[in-house]
Amino acid sequence: MIAGKDKYPVITGFGSLSALGAGKDEVRENYREALLNASYITVAEIAYSCCRLADSAEAELEQLLSIRDYRRLDRSVLMAVAAARKAFVDAGWDSGRTGVAVSLGSSRGATGLFEAYHENFLKSGRVSPYASPTTTCGNLSSRVVQDLNLDGPAFEHSMTCSTALYAIANCCAWLKSGMAEVALAGGAEAALTPFTVSQMEALGIYSKIEDEWPCRPFGSLCINQNTFILGEGAAVFALELMTADEVADQLGRVYAVIEGFGGSSEKISGHTDISSAGNTLQNSMKKALQSMQTINMPDAVIAHAPGTINGDSAELAAVRNVFNGNIPLLLSNKWLIGHAFGASAALSLEYALYLLSGDKYADFPYDLPFKNINRNIHKLMVNATGFGGISASLVVSQPEFFLENIK
1 MIAGKDKYPV
11 ITGFGSLSAL
21 GAGKDEVREN
31 YREALLNASY
41 ITVAEIAYSC
51 CRLADSAEAE
61 LEQLLSIRDY
71 RRLDRSVLMA
81 VAAARKAFVD
91 AGWDSGRTGV
101 AVSLGSSRGA
111 TGLFEAYHEN
121 FLKSGRVSPY
131 ASPTTTCGNL
141 SSRVVQDLNL
151 DGPAFEHSMT
161 CSTALYAIAN
171 CCAWLKSGMA
181 EVALAGGAEA
191 ALTPFTVSQM
201 EALGIYSKIE
211 DEWPCRPFGS
221 LCINQNTFIL
231 GEGAAVFALE
241 LMTADEVADQ
251 LGRVYAVIEG
261 FGGSSEKISG
271 HTDISSAGNT
281 LQNSMKKALQ
291 SMQTINMPDA
301 VIAHAPGTIN
311 GDSAELAAVR
321 NVFNGNIPLL
331 LSNKWLIGHA
341 FGASAALSLE
351 YALYLLSGDK
361 YADFPYDLPF
371 KNINRNIHKL
381 MVNATGFGGI
391 SASLVVSQPE
401 FFLENIK
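Okay, so the sequence shown: first residue is 1 according to the working numbering, each after it adds one.
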């Protein structure tokens, strides 16, 4: 159980920016239409597929850049601010609200700004006085606190691609402890730089596919080819604790109940390894299932599935082991938005909220090593794993379904 006695963490607001857009109506429609907004980043005269922010999301960043004090901030920080504003307003919180904890995270942090400052240092031997304060990892959360004029605690997480789920779990713990009244949690990533792309290329995982679907979560196993592509974006969620009666009274505000969380790690032999059986994911999924507040199993899993042979096969093995003969729907959004590192799980959770609201999931448009069986979705699991053998799993359910099936 991850909440205080008889109280459960719920999501009452959210906001995002990604290749699918910036507003809920736009993002929801683009999921329905399975709209891939892919572009390219050129490194050493080679064009690599990627998923940049949609024009609407880019326009929101431009609006922030019109504020003088924001012009020196990294792109990831601007994304976090924009997404947090949406979540705060969506939750219906008053502007003077106190006791708001902020826990945001990123895998690469202010890498774009850091790389620019470092390049200038190599050329000129001089460093801007803004270099240190604007590239420190804490900017994601501290700038959100400043922007929203909050007085609560702020902290930042960086745990590779599972970052956002750990940020959310941490806020649930803060709410349970009484150290915060409500919380903003999520992730942001803006790592579409030649240096970052080159790092992924050096690992041999960057997609070489030139047709319509360069990133193919699980489809990598059918073509025996790595299909990772990089994306960018942010998603932030407003979290509160509620009793079952409060959930029932506020169904119009509650997007989902957070039923369970599991975090795990496994011993690895290399810096990017994951066991072929996906042991770390097996453990995190089992822990999340054990902490659920309803006995019903998830109808679907939004997989981490980065589109790499090793990552996809390990997660598929883990899911088959944990769910045995009752495999849930396996879903992904990386074939539409790319892999946004520390923001990826937050964007997966956003996708989960749309599905829990009744939206139809987007079918994979390429061959898979399994056959999905259509189900009505009332409960979802979101998986994330990353370098270092770390993984996390989060279970969320429709509030009405939760109330009907609570233990």
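Every residue, glycine too, gets a C-beta built ideally from N, C-alpha and C.
Small disclaimer: the values here were computed from a predicted structure and weren't measured.
- Shortest Cα-Cα distance from Glu33 to any of Asn405, Tyr361, Asn383 involves Tyr361.
- A direct Cα-Cα distance of roughly 37 angstroms separates Glu26 from Glu119.
- DSSP places Asn139 inside the alpha helix (DSSP H), whose first and last residues are 139-148.
- Of the other Cβ atoms in all chains shown, fewer than 16 fall within 10 Å of the Cβ of Ser276; this residue is therefore exposed.
- In the structure shown, His378 adopts coil according to DSSP, grouped into three states.
- Cβ contact annotation for Ala238 (same chain, cutoff 8 angstroms, sequence separation greater than five): Ile11, Thr12, Gly13, Phe14, Ala87, Phe88, Asp90, Ala91, Trp93, Val182, Ala183, Leu184, in chain order.
- Looking at Ala54, Tyr130, Cys137, the one whose alpha-carbon comes closest to that of Ser76 is Cys137.
- Under DSSP, the beta-bridge partners assigned to Val396 are Ile258, Leu380.
- Per DSSP, reduced to three states, the secondary structure at Ala44 is coil, with no helix or strand assignment.
- Runs of the beta strand (DSSP E) lying entirely within the region 48-114 and spanning at least 3 residues, in chain order: 100-105.
- When C-alpha distances from Tyr130 are compared across Ala167, Ala180, Leu165, Asp69, the shortest belongs to Asp69.
- By the neighbour-count definition (other C-beta atoms within 10 Å, threshold 16), Cys161 is a buried residue.
- A direct Cα-Cα distance of roughly 23 angstroms separates Glu400 from Met285.
- When Ser391, Leu353, Ile373 are compared, the shortest CA-CA separation from Lys24 is found for Leu353.
- Pairing Cys50 with Thr196, the inter-Cα distance amounts to about 12 angstroms.
- In this chain, Ser16 is not harboured by any alpha helix (DSSP H); it is covered by the beta strand (DSSP E) spanning 8-17.
- Three or more beta-carbon pairs separated by less than 8 angstroms are not found between the region 242-254 and the region 101-112, which leaves the two stretches without contact.
- Cβ-Cβ distances below 6 angstroms link Ala154 to Val102, Ser141, Ser142, Val145 in the same chain, with the five nearest sequence neighbours on each side left out; the list follows chain order.
- Here DSSP, grouped into helix, strand and coil, assigns Thr294 to strand.
- The beta carbons of Cys172 and Pro306 sit about 26 angstroms from each other, so the pair does not count as a contact at 8 angstroms.
- Within the same chain, Asn226 come within 8 angstroms of Gly204 by CB-CB distance, once the 5 residues on both sides are set aside.
- Looking at the DSSP output, Val319 bridges to nothing.
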